[in-house]
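Participant: First the structure, which I've put down as structure tokens, then a few questions once you've had a look.
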Amino acid sequence: MLHSLVAAAVGSSRVVRTAASALEIPGPPPTPRSAPSRPVVLRARREGMLPAQGPPDARKLADALGAAVARAAGEEDPTAGFRRLFRRSDVVGIKLNCIAGKGLSPHPEVAELLSGWLQAAGVPARNILLWDRTDRELAAAGFALRRGRDGVRVFGTEQDYDPKPREWGPNASSFPRFLSEDLTALINVGVLKDHDLAGVSLGMKNWYGAIHNPNKCHADGCSPYVAHLAAYPLIHDKLRLTVIDGITGQCHGGPGRSPRWAWPYQAFLVATDPVALEAVGAKVIDDRRKEVGLGTLADEKRAPRWLPEAAKLGIGEASLERIRVEDV
Amino acid sequence: MSGQDVGRREALRLLAGGCAACLAMAGGVLPASAQDRAGSGSLFPSVGENLAPRKARWWKKKESLKIECGLCPRHCVVADIERGTCGVRENRGGEYYTLVHSRPCTVHLDPVEKKPLFHVLPGAAALSLATVGCNFECRFCQNWEIAQARPEQIPSHALPPEDVASLARSNGAPLIACTYTEPVVWSEYVYDIAQAGRKAGVRTLIVSNGYIDEEPLRDLCGVLAAVKIDLKAFTEKFYKETCSGEMKPVLDTLRRLRKAGVWTEIVVLVIPTLNDGPEEIRSLARFVKNDLGPDVPLHFTAFHPDYRLMNLPSTPTATLERAHDIAAGEGLHFVYVGNVAGHRAESTYCPSCRKMLIRRVGYAVLENRLQAGKCPDCGVTIPGIWS
């Protein structure tokens with residue numbers, strides 16, 4: 005396999021893996037300990053996680069995220085959870101959503117925790133990539149870029165896309181070469197925000213940042229584009245976990261940052277079912293909209309129509325009645 | 064109509080000569096400093112610097128920092144930090160910016176016949192350039208690597224309009240062609256190039272899908288010398304399903320160009336089974352004749368599989384000839400067959416006496432018998448820009 009992730013960093017096309025991981029026997033993708041009859045979305049809220057000023061409370065953040073990640077995998081602690089969800093031989097991409105800049109992007113602390121648990125679970129640091137579309141957006145959101153030979157790498161796709169577009173549902177796109185050639189597993193880290201066309205931009209819409217032509221996918225409320233992209237095997241077959249950084253939410257005025265409509269939700273939403281998580285997150289946004297006197301997304305004719313489409317494609321559960329929200 | 068009237072051997076010989084001319088024209092047209100910037104070396108600007116935001120024209124403010132683009136009939140309503148469908152215009156804090164002004168990703172010297180424009184300074188060189196971006200997504204796009212990309216993804220040159228004009232002059236090109244991608248989405252740059260070109264005595268033309276709103280078109284008509292419109296087909300179904308666009312606004316554009324008196328030629332890329340039906344061709348030809356006039360040149364060119372349309376064969380020459388005959392039969396005076404080098408319908412004939420006036424093979428003009436824009440045999444005026 006051409007290992008462009010490594011190649012991009014050190015100019016080599018060789019895959020570097022640990023001896024231990026090389027001995028692993030390939031098998032079906034890892035899954036949580038017990039697949040529940042109803043999809044579960046974990047909600048981990050901690051009052052005071054985001055103080056009035058300054059960065060998030062590191063202890064509360066780790067406690068909340070750790071509890072949600074562990075429970076999503078059916079384990080007692082996040083390291084055990086990641087051991088269940090990932091192989092040591094995995095090359096893991098953590099897709100961030102930094103387009104809105106600081107204040108409405110995943111916190112670097114969240115990505116740090118996730119990569120730390122991955123390493124504790126046996127994934128070598130060099131096989132972990134934190135990524136978004138561009139270096140510029142990552143840096144603006146507070147991420148320190150890193151392209152070195154060792155350690156967790158942090159960089160934007162920039163111009164490194166597949167040379168040929170791939171057909172996916174209603175469109176065709178080029179994907180990052182490291183996604184198509186190197187990454188074997190994905191964690192999707194989105195934010196909790198409103199989107200003027202798609203309704204919400206949480207986890208599934210975050211995959212727009214993995215294609216070279218998101219501008220061609222915004223017609224008709226982004227439906228069915230969001231659903232088909234999330235269902236595309238290059239993404240869906242590798243996705244192990246979705247994490248929504250809801251320390252701060254924004255119920256209106258998205259996808260850009262609009263402090264007027266932001267509120268301290270102080271929670272994470274975590275799930276292995278990306279559609280269920282999206283349905284729950286959209287309801288959180290709608291509930292907040294009602295609280296502040298706004299009409300619902302449906303009132304504004306921008307309810308996420310791509311959600312039922314995603315359910316039809318069989319990648320998850322969109323009906324709130326059939327989803328269990330568990331507070332941890 | 065009968066097929067090639069240039070023998071195969073002769074056509075190959077002429078093509079070889081034509082290609083040599085093209086090669087002599089192609090590449091190396093940028094000044095050394097720009098070549099350095101455009102190369103793969105360290106002098107090329109980083110991706111961050113590659114974006115060159117400049118306030119856009121033709122848009123209006125909406126609520127909540129949104130804007131509505133008024134450049135093309137899509138009228139994209141774009142929220143803060145988002146882009147329009149074209150991918151090259153971005154809302155930044157409630158103001159709309161073009162990201163590609165003065166940032167072409169490709170610059171070449173082409174014969175004007177390559178556009179193709181057959182009634183504009185035959186044999187002249189056109190400094191041809193493009194930025195990235197398009198407001199359509201044609202499944203058969205032949206330049207999709209740049210037309211369907213975003214500015215961050217493709218290296219570009221820093222080339223202000225004045226430099227484009229002087230580059231054309233220094234390379235002996237009397238024309239500047241905004242082409243390859245969709246100039247409509249970089250209209251601000253096109254407009255400024257045309258203005259700079261005028262000052263330098265160089266005329267500007269565009270090769271476009273014609274999907275543009277009335278106001279920006281009116282502004283462009285004031286500075287452009289000629290326009291070539293790709294009329295993709297003559298059904299809304301084709302425009303919707305194959306191009307993600309609409310046909311009616313394109314027809315409106317053609318009528319407006321006619322009214323504005325801007326020299327216009329039309330190209331139809333004929334795709335087997337999708338837009339090659341005789342009745343569709345007939346309707347198209349009737350539209351051209353009735354709404355635009357019989358003197359508007361109409362080119363039928365051959366498709367080859369590309370981008371997302373790889374499952375269809377290249378267009379048979381016979382299909383192009385059938386389209387040619389239908390259009391000529393409807394009374395159009397200048398109907399051409401393209402992408403079939405050596406075909407007799409690459410040449411221009413007098414609509415009155417039927418004598419050959421301009422003999423072409425491929426992009427090469429072998430003979431031009433026009434005298435002050437008239438047929439030397441019968442004296443009929445041939446429409447076009449000849450000097």
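Each protein sequence line maps, in turn, to chains A and X. Going by the numbering used here, the first residue of the first sequence is number 5, and it counts up by one from there. Going by the numbering used here, the first residue of the second sequence is number 64, and it counts up by one from there. Beta carbons are placed, not taken as given, at the ideal position from N, Cα and C, and that holds for glycine. Here the structure is a predicted model, which means the values were calculated and not measured.
Show which residues of chain X have a CB atom less than 7 angstroms away from the CB atom of Y229(A).
Facilitator: Your numbering for residue 229(A) matches position 225 in the first sequence. Residues of chain X passing the Cβ test: none, with the nearest at roughly 12 angstroms.
Participant: List the residues of chain A that G147(X) touches, going by C-beta distances under 8 angstroms, in chain order.
Facilitator: The sequence position of residue 147(X) within the second sequence is 84, counting from 1. What G147(X) touches in chain A: N219.
Participant: Which residues in chain A have a C-beta closer than 9 angstroms to the C-beta of I130(X)? List them in chain order.
Facilitator: Residue mapping note: residue 130(X) aligns to position 67 of the second sequence, counting from 1. Neighbours of I130(X) on chain A: none; closest Cβ ~11 angstroms, over 9 angstroms.
Participant: With a threshold of 6 angstroms on Cβ separation, who are the neighbours of A266(A) within its own chain once the five nearest residues in sequence on each side are excluded?
Facilitator: Counting from one through the first sequence, the residue named residue 266(A) turns up at place 262. For A266(A), where only same-chain residues beyond five positions count, the Cβ hits under 6 angstroms are T252 and Q254.
Participant: For Y165(A), which residues in chain X fall below 7 angstroms Cβ to Cβ?
Facilitator: Mapped onto the first sequence, residue 165(A) falls at position 161. Going along chain X in sequence order, the residues near Y165(A) (Cβ under 7 angstroms) are Q216.
Participant: For A212(X), go through chain A and note every residue whose CB falls closer than 8 angstroms to its CB, in chain order.
Facilitator: Against the second sequence, residue 212(X) aligns to sequence position 149. In chain order: H216 and N217.
Participant: Can you give the beta carbon distance from V286(X) to T327(X), rounded, assuming they're within the 8 angstroms contact cut?
Facilitator: Reading the second sequence from its first residue, position 223 is the one you call residue 286(X). Reading the second sequence from its first residue, position 264 is the one you call residue 327(X). Rounded, the Cβ-Cβ distance is 15 angstroms, inconsistent with contact.
Participant: Got a sec: is the Cβ-Cβ distance from E200(X) to anything in chain A below 8 angstroms?
Facilitator: The sequence position of residue 200(X) within the second sequence is 137, counting from 1. Answer yes: the Cβ-Cβ gap between E200(X) and chain A drops below 8 angstroms somewhere.
Participant: Anything in chain A within Cβ reach of I389(X), meaning under 9 angstroms, just list it in chain order.
Facilitator: By one-based count along the second sequence, residue 389(X) stands at place 326. Under the 9 angstroms cutoff, chain A gives no residues; its nearest Cβ is about 33 angstroms from I389(X).
Participant: Could you confirm whether any beta carbon from chain X is found closer than 8 angstroms to the beta carbon of I103(A)?
Facilitator: The residue given as residue 103(A) occupies position 99 in the first sequence. Yes, I103(A) lies at the interface with chain X (some Cβ there is under 8 angstroms from its Cβ).
Participant: For G133(X), would you say it is in contact with chain A, using Cβ-to-Cβ distances shorter than 8 angstroms as the test?
Facilitator: To locate residue 133(X), count along the second sequence from 1; it is residue 70. Closer than 8 angstroms: no.
Participant: Given a threshold of 16 other Cβ atoms within 10 Å of its Cβ, counted over all protein chains shown, does E303(A) qualify as buried or as exposed?
Facilitator: Translated into positions along the first sequence, residue 303(A) becomes position 299. The question names Glu, yet the displayed sequence has Asp at residue 303(A). By the 10 Å Cβ count, D303(A) comes out exposed.
Participant: Anyone know if the C-beta pair for R166(X) and A221(X) falls short of 8 angstroms?
Facilitator: Walking along the second sequence from the start, residue 166(X) turns up at place 103. Walking along the second sequence from the start, residue 221(X) turns up at place 158. Going by C-beta atoms, R166(X) is nearer than 8 angstroms to A221(X).
Participant: Going by DSSP in three states, A84(X) sits in which element: helix, strand or coil?
Facilitator: As a position in the second sequence, residue 84(X) is number 21, starting the count at 1. Unreliable placement is indicated for A84(X), whose pLDDT of 37 sits below 50; the coordinate value is still reported in the next sentence. Three-state result, A84(X): helix.
Participant: Who does H362(X) pair with in a DSSP beta bridge?
Facilitator: Translated into positions along the second sequence, residue 362(X) becomes position 299. BP columns for H362(X) point to V330(X) and Y399(X).
Participant: Anything in chain A within Cβ reach of S127(X), meaning under 7 angstroms, just list it in chain order.
Facilitator: Taking the second sequence and counting its residues from 1, the one referred to as residue 127(X) is at position 64. In chain order: G257.
Participant: Since V158(A) sits in a beta bridge, which residues does DSSP pair it with?
Facilitator: Within the first sequence, the letter at position 154 stands for residue 158(A). Beta-bridge pairing links V158(A) to L134(A) and R150(A).
Participant: Assuming N131(A) and D166(A) are in contact, meaning their beta carbons sit under 8 angstroms apart, how far apart are those beta carbons, in whole angstroms?
Facilitator: By one-based count along the first sequence, residue 131(A) stands at place 127. By one-based count along the first sequence, residue 166(A) stands at place 162. About 21 angstroms separates the two Cβ atoms, so there is no contact after all.
Participant: For a test of the three-state rule: what should DSSP assign to G273(X), helix, strand or coil?
Facilitator: Within the second sequence, numbered from 1, the residue matching residue 273(X) stands at position 210. In the structure shown, G273(X) sits in coil (DSSP, three-state: anything other than H, G, I, E or B).
Participant: Between R244(A) and the rest of its own chain, which residues show a CB-CB distance below 6 angstroms, the 5 nearest in sequence each way excluded?
Facilitator: Locating residue 244(A) in the first sequence gives position 240, where the first residue counts as 1. Taken in chain order, the residues that qualify are L89 and A189.
Participant: Would you mind sorting Q57(A) into buried or exposed? The rule is 16 or more other CB atoms within 10 Å of its CB.
Facilitator: Taking the first sequence and counting its residues from 1, the one referred to as residue 57(A) is at position 53. Flag for Q57(A) reads exposed.
Participant: Would you verify that the beta carbon of L27(A) is, or is not, closer than 8 angstroms to some beta carbon of chain X?
Facilitator: The residue you call residue 27(A) lines up with position 23 of the first sequence. A caution first: L27(A) carries a pLDDT of 47, below 50, which makes its placement in the model too unreliable to give a value.
Participant: Once DSSP output is grouped into helix, strand and coil, what is the label at L134(X)?
Facilitator: If you number the second sequence from 1, residue 134(X) lands on position 71. Correct three-state label for L134(X): coil.
Participant: Does the count of Cβ pairs from the region 387-405 of chain X and the region 363-374 of chain X closer than 8 angstroms reach three?
Facilitator: A contact exists between the region 387-405 of chain X and the region 363-374 of chain X.
Participant: Apply the 10 Å Cβ neighbour rule to C416(X) and answer buried if 16 or more other Cβ atoms are within range, or exposed otherwise.
Facilitator: Taking the first residue of the second sequence as 1, we reach residue 416(X) at position 353. With fewer than 16 Cβ atoms within 10 Å of its Cβ, C416(X) is classed as exposed.
Participant: Grab me the residues of V195(X)'s own chain with a C-beta within less than 8 angstroms of its C-beta, minus the 5 sequence neighbours each way, in chain order.
Facilitator: For the purposes of this step, residue 195(X) is taken as residue 132 along the second sequence, with counting starting at 1. Excluding positions up to five away in sequence, the list reads G150, V151, V163, C168, I209, A210, A212, R213, P214, Q216, I217, S219 and T244.
Participant: So, is the C-beta of G260(A) closer than 8 angstroms to a C-beta in chain X?
Facilitator: Along the first sequence, read from residue 1 onward, the residue named residue 260(A) stands at position 256. Answer yes: the Cβ-Cβ gap between G260(A) and chain X drops below 8 angstroms somewhere.
Participant: How far does the beta strand (DSSP E) with L46(A) in it reach, from first residue to last?
Facilitator: Reading the first sequence from its first residue, position 42 is the one you call residue 46(A). V44 to R49 is the span of the beta strand (DSSP E), which, as asked, contains L46(A).
Participant: Flag D331(A) as yes if its beta-carbon sits less than 8 angstroms from any beta-carbon of chain X, otherwise no.
Facilitator: The residue you call residue 331(A) lines up with position 327 of the first sequence. Chain X, which has no Cβ nearer than 8 angstroms to the Cβ of D331(A), makes this no.
Participant: How would you list, in chain order, the residues of chain A whose beta-carbon sits under 7 angstroms from the beta-carbon of G186(X)?
Facilitator: One-based indexing of the second sequence puts residue 186(X) at position 123. By Cβ distance, chain A contributes nothing, its closest Cβ being about 36 angstroms from G186(X), past 7 angstroms.
Participant: May I ask you to report which of helix, strand or coil DSSP gives M310(X)?
Facilitator: Within the second sequence, the letter at position 247 stands for residue 310(X). Coil at M310(X), not helix or strand.
Participant: Check the Cβ of R371(X) against every Cβ in chain A and list those closer than 8 angstroms, keeping chain order.
Facilitator: Start at 1 with the first residue of the second sequence, and residue 371(X) comes out as number 308. Simply P169, E171 and A176.
Participant: Counting only Cβ pairs nearer than 9 angstroms, list the residues of chain A close to G308(X).
Facilitator: In the second sequence, counting from the first residue as 1, residue 308(X) sits at position 245. Ordered by position in chain A, no residue passes the 9 angstroms Cβ test against G308(X), which lies about 11 angstroms from the chain.
Participant: From L347(X) to M419(X), what does the alpha carbon distance come to, in whole angstroms?
Facilitator: As a position in the second sequence, residue 347(X) is number 284, starting the count at 1. As a position in the second sequence, residue 419(X) is number 356, starting the count at 1. Whole-angstrom Cα-Cα distance: 25 angstroms.
Participant: Does the Cβ of C441(X) have 16 or more other Cβ atoms within 10 Å, making it buried, or fewer, making it exposed?
Facilitator: As a position in the second sequence, residue 441(X) is number 378, starting the count at 1. With fewer than 16 Cβ atoms within 10 Å of its Cβ, C441(X) is classed as exposed.
Participant: Which partner residues does V193(A) have in the DSSP bridge list?
Facilitator: Within the first sequence, numbered from 1, the residue matching residue 193(A) stands at position 189. Partner(s): V247(A).
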